[in-house]
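A.B. asks: The structure that follows is given in the form of C-alpha cells.
Residue numbers (our numbering): 1 to 254.
This is the structure we're talking about:
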C-alpha cells in the first residue's frame, strides 16, 4: 500500500492531541503533588497535635508526682501528729489509772455499794484496754446494773450486782498493783506494789498501820492544798517521800 503524506488538518489534529495528552499529564502530576502536599501537611499537623498531647501528658504526670509527694508529706506529718497525740493520751490515761488505783488503795476514793454504778469500776477496764498495744474490742460486758435493772449493754438480768466475769478490774487477778515508785535510781526507780483488797487474791485483812497511813494521807492532802493556797511552798514530793518511808517501815519484817 503506497505511503500517503498526512494532510495539514491531520497533522494539526495529531499535534493538538499530543498537547492535550501532555496537559493532562501535567494536570495529573500537579494533582498528585497537591495530594502529596496535603498528605504531608496532614501528617505534620498530626505530628504537632501528638506532640502537644504528649507535652500535656508530661505536665499531668509532673502534677500527679507533685500531688503524691505532697500527700506523702502530709501523711508523714499527720502520722507524727497522731503519734504525739496518742502519746499524750496514753500519758493522761496512765495518770488517770494511777490516780484511781492510788486513790482506792490510800482511801481517798471510796468504793460505793456494788449495786451502784461505779465510775472507777467502769473506767479501769476501759483505760487498761486503751493502753494495751494489742487491745481489741472486748466481747465481755462490764455488766452495769443501774437501779437493779438489766444490763443496758447485753441485757443480762440483775444478779445481785456481782459481775459474771470473776476477773478483778483493779489488779487483773494478780493480787497487787502499782501505787508508786521508789524514787531510788540505784534500784531503777522500782515500783511499789500494794495488795489488792478487791479480790480474793489480795490480803484478806488490812493492817491497822496501813489504815492509819491512809487516814494520814487522806487528811494530809486537803491540808497540803490549803498550804499551797496560802502561798507556802508545799511539794508533793514531800508526801511521796513520806509514803515511801512509811511503806518501807510497814513492809519491814519484825
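Using N, Cα and C, we set each Cβ at its ideal position, and we do this for glycine too.
Could you check what DSSP says for residue 20 in three-state terms: helix, strand or coil?
C.D. replies: Within the chain shown, numbered from 1, the residue matching residue 20 stands at position 20. Looking at residue 20 - three-state DSSP - the assignment turns out to be helix.
A.B. asks: Nearest-angstrom Cα distance between residue 130 and residue 50?
C.D. replies: Indexing the chain shown from 1 puts residue 130 at position 130. Indexing the chain shown from 1 puts residue 50 at position 50. Going by the C-alpha atoms only, they are around 58 Å apart.
A.B. asks: Give the DSSP-derived three-state secondary structure of residue 7 in the structure shown.
C.D. replies: Position 7 of the chain shown, counted from the first residue, corresponds to residue 7. Three-state DSSP puts residue 7 in coil, outside helix and strand.
A.B. asks: Taking only three categories from DSSP, how would you classify residue 132?
C.D. replies: Sequence index remark: in the chain shown, residue 132 carries index 132 (1-based). In the structure shown, residue 132 sits in coil (DSSP, three-state: anything other than H, G, I, E or B).
A.B. asks: Which value, in whole angstroms, describes the spacing of the CA atoms of residue 76 and residue 85?
C.D. replies: Stepping through the chain shown from its first residue, residue 76 is reached at position 76. Stepping through the chain shown from its first residue, residue 85 is reached at position 85. Going from the Cα of residue 76 to the Cα of residue 85 covers about 14 Å.
A.B. asks: Find out if the Cβ-Cβ distance for the pair residue 95, residue 127 is shorter than 8 Å.
C.D. replies: Position 95 of the chain shown, counting from 1, holds the residue named residue 95. Position 127 of the chain shown, counting from 1, holds the residue named residue 127. The answer is no: Cβ separation not under 8 Å.
A.B. asks: Let me confirm a value: residue 12 is counted as buried when at least 16 other C-beta atoms fall within 10 Å, else exposed. Which label applies?
C.D. replies: For this step, residue 12 is matched to residue 12 along the chain shown. Answer is exposed; the Cβ neighbour count stays below 16.
A.B. asks: Return the chain-ordered list of same chain residues with a C-beta closer than 8 Å to the C-beta of residue 14, the five sequence neighbours on each side being excluded.
C.D. replies: The sequence position of residue 14 within the chain shown is 14, counting from 1. Taken in chain order, the residues that qualify are 6.
A.B. asks: Mark residue 2 as exposed unless 16 or more other C-beta atoms lie within 10 angstroms of its C-beta, in which case mark it buried.
C.D. replies: Walking along the chain shown from the start, residue 2 turns up at place 2. Note that residue 2 scores a pLDDT of 49, beneath 50, so its modelled location is shaky; the value from the coordinates is reported in the next line. Exposed, because fewer than 16 other Cβ atoms sit within 10 Å of the Cβ of residue 2.
A.B. asks: Does residue 14 come out as helix, strand or coil in the three-state DSSP assignment?
C.D. replies: Residue numbering aside, residue 14 sits at position 14 when the chain shown is read from its first letter. Helix at residue 14.
A.B. asks: If you draw a straight line from the C-alpha of residue 40 to the C-alpha of residue 54, how long is it?
C.D. replies: For the purposes of this step, residue 40 is taken as the residue at position 40 of the chain shown. For the purposes of this step, residue 54 is taken as the residue at position 54 of the chain shown. Going from the Cα of residue 40 to the Cα of residue 54 covers about 21 Å.
A.B. asks: Quick one: is residue 63 buried, meaning 16 or more other Cβ sit within 10 Å of its Cβ, or exposed?
C.D. replies: Looking up residue 63 in the chain shown gives position 63. Answer is exposed; the Cβ neighbour count stays below 16.
A.B. asks: So, is residue 61 buried or exposed, given that buried needs 16 or more other C-beta atoms within 10 angstroms?
C.D. replies: Residue mapping note: residue 61 aligns to position 61 of the chain shown, counting from 1. When all chains shown are included, residue 61 counts as exposed.
A.B. asks: Evaluate residue 97 with the Cβ neighbour count: other Cβ atoms within 10 Å of its Cβ, from every protein chain shown; 16 or more gives buried, anything less gives exposed.
C.D. replies: As a first step, residue 97 is located in the chain shown; it is residue number 97 there, counting from the start. Burial call: buried.
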